[in-house]
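The structure appears below as structure tokens.
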Amino acid sequence: MRGVVRQFCSFGWPTRVLMVNQFGINLGFYMLMPYLAGYLAGPLGLAAWAVGLVLGVRNFSQQGMFIVGGTLADRLGYKPLIVAGCLLRTAGFGLLVVVDSLPAALVASAATGFAGALFNPAVRAYVATDSQQRRVEAFAVFNVFYQGGILLGPLAGLALMVVDFRVAAAVAAAVFALLTIAQLFALPPQRGDARAVQSTSIVDDWKIVTANRPFLWFAVTMIGSYVLSFQVYLALPLHAALVAPEHQSSLIAAVFVVSGLVAVGGQLRITRWFAARWGSGRSLVIGLLILSASFLPLLLIPNSGRFGGAAAVVVLLATAALLAIGSAAVFPFEMEMVVSLAGNNLVATHYGFYNTIVGVGILIGNLTTGAVMQATRDAGASELLWGTLAVIGLAAALGLRRLDRRGLLRPQPSSPAVAR
């Protein structure tokens, strides 16, 4: 942990503020969101379709609007979008304190989602701009804070849920209110490249991004990485219910704790080890291979009927740990690669497009994973799901390897920057 502190202190003030900010964002978000569906269906009494609609609106208002957030960040500056996003999420979570109907729940959900679309690309572009040649190191430490918020958020929320969901919502809103004030006064103004102040239209900016074929191929290929890493929220919890139905909640909590501890404790070591041996392209390929291999233990022991319940639990936790290692290996090089392929031009807009592309991929991947999981269970061949996920990871790794060998992952020419 001292190494994390030392690395953290080695960066400039803006990057350090944004790392702490990201911890707070995830703390407040995961303090509330894991328990939202239960509150909507329970005390609020919404039907299952309505709960799905509320959660779907939240996801769409974030994933579908990343392009808007990224574009505005390049044109207006990163700080205004970060502050506006934190303020909007404060309002969204505050509304959840008093929500008592489906329309109000939809408004609150849309606000919390769109808030993420505003600050997410801006935060990443700001970190990339401020850290300059140390982007990989910066995003490695950034991910420690990111995962730390995910680790502690649900635990804090669980303690608050003992009192009432509305108390958890109020505390989450207070966290984002404090973040809004902190970013407003502690974060220096920052913008990216010169194009943001030139007399070009938004459509022209979007044409620049969509004409960047190496970037688009990279984003599409990285969908496989996100589909696999996202299974810690979908396939693994559903599998936990099958492996230990009487201890489902405890086992799911253990999955998240293992994942969080690996990321927080191992991120810097993993990044240094990869950076010392391979460049960004090869590191991404090997990270994807680790993600692919994460599902092999479940392929060998797909249920408790083969070697007993204890073995099935160990295998599930091992898969969570391997997924965390693979994700830790991929994330810093992935974030750096987006900036590199953008040529330091319209960085936030590129992040916005990137997040939207992988977001659509996650949606399709989750729908497909859920359908395949149900079908393989019904057929008594659940190992086919884990084999399919492993193949997806392998295909993504091979795709990245092909892009790297063809030179499509090389840095693009940078655009000249101007003082702001």
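In the working numbering, the protein residues as written are 51 to 470.
C-beta: ideal position from N, C-alpha, C; glycine also.
Excluding the 5 residues flanking it on each side, Leu146 has same chain C-beta neighbours closer than 6 Å at Ala158, Ala219, in chain order.
In terms of CA proximity to Ile117, Thr399 leads the group Thr399, Pro461, Leu90, Gly449. Straight-line spacing of the CA atoms in Leu341 and Ile412 works out to 15 Å. Contact annotation, Gln112 with Ala167: C-beta distance approximately 5 Å; criterion of less than 8 Å satisfied.
DSSP assignment within the stretch 244-299 yields the following whole alpha helix (DSSP H) runs of 4 residues or more, N-terminal first: 252-260, 263-271, 273-279, 285-293. The straight-line gap separating the alpha-carbon atoms of Ser330 and Leu105 is approximately 35 Å. One thing to note: Ala374 has its Cβ within 8 Å of the Cβ of Ala313. Exclusion of the five residues before and after Ile407 leaves Leu266, Ala269, Val270, Ile273 as the residues of its chain whose Cβ lies within less than 8 Å of its Cβ. Taking a contact to require three or more Cβ pairs closer than 8 Å, the stretch 370-386 and the stretch 304-312 qualify as touching. For Glu296, the number of other beta carbons within 10 angstroms of its own is below 16, and it is reported as exposed. Look at the beta carbons and you see the stretch 136-152 not touching the stretch 205-213: under three pairs across the two are nearer than 8 Å. In this structure Gly337 is not in contact with Val282, their Cβ atoms being roughly 15 Å apart against a cut-off of 8 Å. Taking the C-beta atoms as reference points, Ala285 is found nearer than 8 Å to Met423. Around the beta carbon of Lys257, fewer than 16 other beta carbons sit within 10 angstroms, so the residue counts as exposed. The C-beta of Arg56 has fewer than 16 other C-beta atoms within 10 Å across all chains shown, which makes the residue exposed.
When DSSP assignments are scanned along the stretch 109-175, no uninterrupted stretch of beta strand (DSSP E) that is 3 or more residues long falls wholly within it. Counted as a single uninterrupted DSSP element, the stretch harbouring Phe61 is not any alpha helix (DSSP H), since DSSP gives it neither H nor E. Across the set Arg263, Ala445, Lys129, the C-alpha of Lys129 shows the shortest separation from the C-alpha of Thr65. For Ala445, same chain residues with a beta-carbon under 7 Å away, outside a window of 5 residues either side, are Gly274 in chain order.
Arg319 places its beta carbon 8 Å or farther from that of Phe226. Of all alpha-carbon atoms in Phe169, Tyr176, Ala97, Leu103, the one lying nearest the alpha-carbon of Asn394 is that of Tyr176. If you ignore the 5 residues before and after Leu137, its C-beta comes within less than 7 Å of the C-beta of Thr230, all in its own chain and listed in chain order. Counting only the Cα atoms, Ala161 lies some 17 Å from Met81. The beta carbon of Met211 sits closer than 6 Å to those of Tyr85, Ala218, all from its chain and outside the five residues before and after it, given in chain order. In this structure, the beta-carbon distance from Gly316 to Ala378 falls below 8 Å. Rounded to the nearest angstrom, the gap between the Cα atoms of Ala360 and Gly88 is 29 Å.
For the options Arg184, Arg52, Val191, Arg322, the alpha carbon positioned closest to that of Phe73 is the one of Val191.
Shown here, Ala97 sits in coil according to DSSP, grouped into three states, outside any helix or strand. Residue environment for Leu417: exposed (fewer than 16 other C-beta atoms within 10 angstroms of its C-beta). Residues Leu278, Gln281, Phe345 of the same chain have their beta carbon placed closer than 7 Å to that of Leu439, with the five preceding and five following residues left out of the count.
Taking a C-beta distance under 8 Å as the contact criterion, Ala123 and Leu131 qualify as a contact pair. Spatial neighbours of Val101 in its own chain (CB-CB distance under 7 Å, excluding positions within 5 residues in sequence) are listed in chain order as Ala87, Leu90, Ala91. Closest option to Arg108, judged by alpha-carbon separation, among Pro93, Gly120, Ala165: Ala165. Collapsing the DSSP output to three states places Phe226 in a helix. According to the DSSP assignment, Pro204 belongs to the alpha helix (DSSP H) that extends over 185-211.
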